[in-house]
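In short: position in the sequence shown from 1, add 236, done, that's the working numbering. These notes concern the structure reproduced below.
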Amino acid sequence: MDRGARGCVKVSGGRLRYMRIHGSLDAPVVSMWMAVVSTWCPAGRWEWIPELSVPLAEVWMDESYANTKLPSSVPAIALIHPMDPDRLFFFLGSSILAVDLQLRKVVGFSEFEMLEPPCALRRKRSSRFVHAWQHDPSSTRTESVSACLRQEKAIAAMSSYPARRRNVPAYLYPMVKKVWDLLTRQEQEKEQQWLQLEQQWRQRAMCHNFGRRCGISEESRISLPRLSMNERVE
237 MDRGARGCVK VSGGRLRYMR IHGSLDAPVV SMWMAVVSTW CPAGRWEWIP ELSVPLAEVW
297 MDESYANTKL PSSVPAIALI HPMDPDRLFF FLGSSILAVD LQLRKVVGFS EFEMLEPPCA
357 LRRKRSSRFV HAWQHDPSST RTESVSACLR QEKAIAAMSS YPARRRNVPA YLYPMVKKVW
417 DLLTRQEQEK EQQWLQLEQQ WRQRAMCHNF GRRCGISEES RISLPRLSMN ERVE
C-alpha cells in the first residue's frame, strides 16, 4: 500500500504531528506522535513523543461506525484536522469519515465521487495528495491556501533535519550539506513532474470539486479537503 495511505506528517494545532496506521491486519492500530525539542539530546535536536494510540477495533465496535454501514476494513489516511489533532480523516472506498480518537467514535461521514485518474495517479486516495486549510470567507481560496502553506513550512522547518552547523560536527558539515542540497533538488524535480501530470490530467477531465461545505467539520468551518498533486504536503 502507498506509504501516504498508512502514515502522514501534518501540522495540527500549531505543532508538527506524525500519524500512522500500524500493527497486523487483524489488529490494526492508529497512533499519533508530536515533534518537540528534545530534553536529552544536544541543543537544537527534535524528537517524536507519543500522544495516543487507539486500536481500530475500538472504533469499529462503536455504534457511530455501525451507522455508516461501512465494513470493518483498514482505511487509508486522508489527513489530520488542522486545528484539532484528536480528529483524523480517513478514506474508505468512496467515503471519507472523521474519527475522534479520544472518543473512539465517528464524528462525521460523507460520500464522494472521484473521476478515474490516469495510471500514474491511481494512488490518489492518500494523505500525500490531500491538503486542508481553515476557510477564511474574507479572502480568496488562493490567499487562504498560500497563507496556510507558509505557516506549515515555518513550523515544519523548525522540526526538520536541515544541515545546520549546530546539529552537525564541523568536519561533516560540507558533506551533509551536499547530500541535503541534492535531496532538495530531487524533491523539486519530483514536484515539477507531479505538476505536469496534474496539468495533463486536468486537460482530460475536470477534477472532482470538493468545494461544497463538509458536514464532517461544519462547526469549525473547515472545507472538505481538496485534492492536490503536491507530493510534498506529507
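Don't be surprised by glycine CBs; every beta carbon is placed ideally from N, CA and C.
Burial is judged here by how many other beta carbons sit within 10 angstroms of a residue's own beta carbon; histidine 258 has fewer than 16 and is exposed. Contact annotation, glutamate 347 with serine 330: C-beta distance approximately 6 Å; criterion of less than 8 Å satisfied. For serine 289, the enclosing beta strand (DSSP E) has its first and last residue at 282-291. Remark: three or more beta-carbon pairs, one from each stretch, lie closer than 8 Å, so the stretch 247-263 and the stretch 298-316 are flagged as touching. Straight across, the Cα-Cα distance linking glycine 243 with aspartate 320 is about 17 Å. A residue is called buried when at least 16 other Cβ atoms come within 10 angstroms of its Cβ; methionine 268 meets this threshold and is buried. A direct Cα-Cα distance of roughly 10 Å separates valine 265 from valine 295. Around the beta-carbon of proline 318, 16 or more other beta-carbon atoms lie within 10 Å, marking it buried. Contact check for valine 366 and threonine 304: beta-carbon distance about 20 Å, past the 8 Å limit, so the pair fails to qualify. A Cβ-Cβ separation of about 6 Å places leucine 328 in contact with serine 309 under the 8 Å criterion.
Remark: C-beta atoms of valine 290 and arginine 340 approach each other more closely than 9 Å.
If you look at serine 346, you'll find it isn't in any alpha helix (DSSP H); it sits in the beta strand (DSSP E) that goes 341-347. The continuous stretches of beta strand (DSSP E) do not include serine 363, and DSSP gives it neither H nor E. Taking C-alpha positions only, tryptophan 284 is separated from serine 248 by approximately 14 Å.
Within the same chain, Asp336, Leu337 and Gln338 come within 6 Å of aspartate 322 by CB-CB distance, once the 5 residues on both sides are set aside. Look at alanine 334 here: in three-state DSSP terms it is strand. If the five residues before and after serine 300 are omitted, its C-beta is found closer than 6 Å to the C-beta atoms of Lys341 and Val342, all from its own chain and listed in chain order.
Taken through DSSP and simplified to helix, strand or coil, valine 310 comes out as coil. By the CB criterion at 9 Å, alanine 241 and arginine 253 fall outside the cutoff.
At least 9 Å separates the beta-carbon of alanine 263 from that of alanine 302.
Cβ contact annotation for aspartate 298 (same chain, cutoff 8 Å, sequence separation greater than five): Arg340, Lys341 and Val342, in chain order. Burial is judged here by how many other beta carbons sit within 10 angstroms of a residue's own beta carbon; glycine 344 has at least 16 and is buried.
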